[in-house]
Amino acid sequence: MLALAACRREAATGTASPQPDMQAQAAVLVARINRDYPALQADTSAAQWLSSTDINPDSERLAAAANARWLATLDDWRRQARRFDGKPLQAPTALALQRLRTLDATPAPQDARQRTELAALSARLQGLYGTGRACHADDTGQPDPRQCRDLRQLAQVLAGERDYAAQLQAWQDWHDLFAPMKRDYARMVELANVGARDNGFHDLGARWRSAQDPASSAEMQRLWEQVKPLYAQLHCYARTRLRKEYGDRGALPGGLLPAHLLGDMWAQDWSNAWDLLAPAGHDNALDVTTNLQRQYQADLEQQTRDVDDDDIDGQFAAERAAKLDIARQMTRRAEDFYVSLGLPQLPDGYWQRSRFLRPLERDVQCHASAWDMDFAGDVRTKMCIEPNEAALDTVYHELGHVYYYLSYVKQPALFQSGASDALHEAVGDTIVLALTPDYLRKAGLLDPPADPPTPKQQQAELIDAQLRMALMKVAPLPFDLLLDRWRWGVFDGSIPPSDYNAAWWKLRADYQGIAPALPRGGEFFDAGAKYHVAANMEYARYFLAGILQFQLYKALCDASGYRGELAACSFYGNADAGKKLRALLEAGGSAPWPQILQQATGSERIDASALLEYFAPLHAWLETQNQGQSCGWTSDAIQASAPPAKAASANAEAHAPGTASATAQ
Ligand code: X8Z
Ligand code: ZN
-19 MLALAACRRE
-9 AATGTASPQP
1 DMQAQAAVLV
11 ARINRDYPAL
21 QADTSAAQWL
31 SSTDINPDSE
41 RLAAAANARW
51 LATLDDWRRQ
61 ARRFDGKPLQ
71 APTALALQRL
81 RTLDATPAPQ
91 DARQRTELAA
101 LSARLQGLYG
111 TGRACHADDT
121 GQPDPRQCRD
131 LRQLAQVLAG
141 ERDYAAQLQA
151 WQDWHDLFAP
161 MKRDYARMVE
171 LANVGARDNG
181 FHDLGARWRS
191 AQDPASSAEM
201 QRLWEQVKPL
211 YAQLHCYART
221 RLRKEYGDRG
231 ALPGGLLPAH
241 LLGDMWAQDW
251 SNAWDLLAPA
261 GHDNALDVTT
271 NLQRQYQADL
281 EQQTRDVDDD
291 DIDGQFAAER
301 AAKLDIARQM
311 TRRAEDFYVS
321 LGLPQLPDGY
331 WQRSRFLRPL
341 ERDVQCHASA
351 WDMDFAGDVR
361 TKMCIEPNEA
371 ALDTVYHELG
381 HVYYYLSYVK
391 QPALFQSGAS
401 DALHEAVGDT
411 IVLALTPDYL
421 RKAGLLDPPA
431 DPPTPKQQQA
441 ELIDAQLRMA
451 LMKVAPLPFD
461 LLLDRWRWGV
471 FDGSIPPSDY
481 NAAWWKLRAD
491 YQGIAPALPR
501 GGEFFDAGAK
511 YHVAANMEYA
521 RYFLAGILQF
531 QLYKALCDAS
541 GYRGELAACS
551 FYGNADAGKK
561 LRALLEAGGS
571 APWPQILQQA
581 TGSERIDASA
591 LLEYFAPLHA
601 WLETQNQGQS
611 CGWTSDAIQA
621 SAPPAKAASA
631 NAEAHAPGTA
641 SATAQ
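Counting with this note's numbering, you get residues -19 to 645 for the letters of the sequence shown.
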């Protein structure tokens, strides 16, 4: 019917008023895309879901084929849309065509051979990441499969061990794996740029920035300048603590922090270093992980009560069952928060089809993601959930995506997106901000205090809670910004492959004040050790989300009628906060993001003042702690450009390749 309407109107072209005709034709095209897109999405997502949850050459082949069909159709739609470029169109049609321009994270080249090559490269890079294991050599010099460690095992060393050498080895093992990826990555950059140019952009970085507009490079720098003084205090405080623990090795020349000592493979989220960074005597305060582990252990005991000690299979099955139980309980807990805001329970299909645990018998992409399979309510998450606080926060994060999907399901397909990618990322994190100690106690995730707290204890708890939040939400900000600063340079050619590593470490030193404790010369490809580089997923969204979530949080607190200290606000169960959040989610991508931000927060500009208000007590406390220290750092002394290390410590063991470009968030 729509197609017929299109024919009739085309016949009228050239009459006295071509403009309304042009508008109608564009509207018809948009309607046709909205009609066809869900089925295509369902095909593509199904193939990608399979290849992400079972990495092998067959699933990768099917995903690549589905991806190729998707890209060909997208190309066709764009060709048809091109004739409306620069024409005055009705606002919703113009916005829909604008969304069409940025539907694919990596626009494909028009040349079919190049397109196939790009798909294969993407699959290989992701596969290496998803299956990467560092294997030390046995006595004969061959990689010993019994001595292989994957990202989870290496990350556990960084998170939990405090042995400098063991941590450095784990850090180095993971990073060394990606040196062989550099050539493929550089070729992928060339081809991705061809795709960007074929689609009217100067390079892929320009294409990515166009979706965040007006969050251009300068805008992001403005936001960074707002939060940098707080980060600098946190950095200074962390350095003192690292020196206390590790002596001279706790800091590097120039005052830089060693990249392997902050509890995280990318020195991004510092939460795992809480034991080192907690205010003196407070290291057990507010520890949600202990409670989660306790719940898991209690369930495990229950499950193993009737299993004989020598029944290995039975013991093993009980352990898996207890792991699945806690993973699902954590997800139920997060669901409960969203439901308390008036959002629906997750559909049965979510519980049936989501993946909660790392499977034992196959390789999967364990990096957490949320999936909108068909734009019609088939929503899923894929995670390898462990009973700890970081995983719990990630569950809340992922359900933010899922509730966005469920809320905008009535929008036309082209508007079934976030108002911006950054807003999509910000939703779940906004909820995490509302997980105050009071909320966590009520939820049974923290123990109630033995006695009513004194005002002094209350003040100490506020700082503890703020410091924990800052390790999770302020520490990552410079990393979140510099990752795409680096890629913008890579894509526009100002950082050639020969400078990949030096430029990477220069940016990490400049922004994060972090450096590798070993020389990392140009033969390494350390940026590739981050999932989003291997998977070629845009990252500036996380930086913007890191700021936006505080704006949203404040708006929801205001809507709930809360008037106290911002950081102590939880809007759990508040109908007015829920109404505000639901309006934002239901709008999806149906209006430009500044307009949606304005409706939600009263401001159409991203701004860090809510973040600064939130952390004001911590900022003052850190300044007191840092008195007498000479804070700050210089990047002059970084070792990245030093001569190459003699030999990589471990061998890469790349298994089957992975998936084509993903549609999940
Ligand atoms: O990739 C993610 C989510 C999926 S959208 C798990 N995040 C970034 C990362 O892990 O690097 C969330 C925080 C930043
Ligand atoms: Zn996300």
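Cβ atoms here follow ideal geometry from the backbone N, Cα and C, with glycine treated the same way.
Using a threshold of 8 Å, is the CB atom of H347 nearer than that to any non-hydrogen atom of ligand 1?
yes
What residues in its chain sit with their C-beta under 6 Å from that of L654, if we drop five residues either side in the sequence?
Residue numbering for the chain in the displayed model covers -19 to 645; residue 654 lies beyond these limits and cannot be assessed.
If you measure from the CB of E405, is any heavy atom of ligand 2 nearer than 8 Å?
yes
Assuming A356 and N14 are in contact, meaning their beta carbons sit under 8 Å apart, how far apart are those beta carbons, in whole angstroms?
A356 to N14, Cβ: 13 Å. No contact.
Does the pairing of the region 557 to 566 with the region 528 to 545 give three or more beta-carbon distances under 8 Å?
yes
Is it the case that the CB of Y542 approaches a heavy atom of ligand 1 more closely than 8 Å?
no
Which of helix, strand or coil DSSP assigns to L237:
DSSP places L237 in the strand class (E or B) of the three-state scheme.
If you follow the beta strand (DSSP E) that T646 is in, where does it begin and where does it stop?
Here the chain covers residues -19 to 645 and nothing more, so residue 646 does not appear.
Are the region 464 to 483 and the region 433 to 448 in contact at 8 Å, needing three or more beta carbon pairs?
no
Check whether the Cβ of H646 sits closer than 8 Å to any heavy atom of ligand 2, and report yes or no.
Examination of residue 646 is not possible in this model, given that the chain is present from -19 through 645 alone.
My understanding is that M245 touches G508, with C-beta atoms under 8 Å, so please give their C-beta distance in whole angstroms.
So it is not a contact: roughly 12 Å between Cβ atoms.
Is Q133 helix, strand or coil when you go by DSSP?
In this structure, Q133 counts as helix in the three-state DSSP scheme.
S39 by DSSP, collapsed to three states: which one?
helix
Would you report the Cα separation of H635 and D286, rounded to the nearest angstrom?
Interpretation of H635 is limited by its pLDDT of 32, a score under 50 that renders its predicted location unreliable; no figure is taken from the coordinates.
Status (buried if at least 16 other CB within 10 Å, exposed otherwise) for F317:
Label assigned to F317: buried.
H116 (DSSP reduced to helix, strand or coil)
Note: H116 maps to strand in three-state DSSP.
Rounded Cβ spacing between T614 and G235 (contact assumed at less than 8 Å)
7 Å
Out of curiosity, what's the CA-to-CA distance linking P623 and A482?
Residue placement at P623 is poorly supported in this model, since its pLDDT is 39, which falls under 50; the coordinates are not used for a value here.
Using only the heavy atoms of ligand 2, determine whether one of them is closer than 8 Å to the beta carbon of E378.
yes
Have a look at A85 and L20 and give me their C-alpha separation to the nearest angstrom.
For the pair A85 and L20, the Cα-to-Cα distance works out to about 16 Å.
Cβ separation of L413 and Q529, assumed to be a contact under 8 Å, to the nearest whole Å:
With 8 Å as the limit, L413 and Q529 qualify as a contact, their Cβ atoms being about 6 Å apart.
Here's the rule: buried if 16 or more other CB atoms are within 10 angstroms of the residue's CB, otherwise exposed. What is P87?
buried
Would you list, in sequence order, the uninterrupted alpha helix (DSSP H) runs of no fewer than 4 residues that lie entirely inside the region 313 to 344?
Secondary structure remark: continuous alpha helix (DSSP H) runs of at least 4 residues inside the region 313 to 344, in chain order: 328 to 333.
Using a threshold of 9 Å, state whether the C-beta atoms of S320 and Y552 are closer than that.
yes
Suppose the cutoff is 6 Å on Cβ atoms and the five residues either side in sequence are ignored; what does the same chain contact list for A247 look like?
A239 and I494
On a CA-only basis, which of G329, E593, R79 and L184 is nearest V470? Give me that one, please.
L184
Who are the near neighbours of Y511 in its chain, counting only those whose CB is closer than 7 Å to its CB and skipping five residues on each side?
Y109 and H347
For Q248, verify whether its CB is less than 8 Å away from any heavy atom of ligand 1.
yes
Rounded to whole angstroms, what's the CA-CA distance from A515 to E441? Just pull it up for me.
39 Å
Excluding the 5 residues flanking P30 on each side, which residues of the same chain have their C-beta closer than 6 Å to its C-beta?
Residue identity check: residue 30 is Leu in the sequence provided, not Pro. Within the same chain, L30 has close Cβ partners S39.
Could you check what DSSP says for S197 in three-state terms: helix, strand or coil?
helix
Taking 7 Å as the limit between beta carbons, can you name the residues of its chain near S621, skipping five residues before and five after?
Since pLDDT at S621 reaches only 44, below the 50 mark, its modelled position is unreliable, and no value is offered.
Per DSSP, what kind of secondary structure is R126 in: helix, strand or coil?
Three-state DSSP puts R126 in a strand.
Close beta carbons around D55, own chain, < 8 Å, minus the five adjacent residues each side
A88 and Q90
For the 8 Å Cβ check, are there 3 or more pairs between the region 214 to 227 and the region 601 to 612?
yes
Identify the continuous alpha helix (DSSP H) that holds S349 and give its terminal residues.
S349 -> not in any alpha helix (DSSP H); beta strand (DSSP E) instead, spanning S349 to D352.
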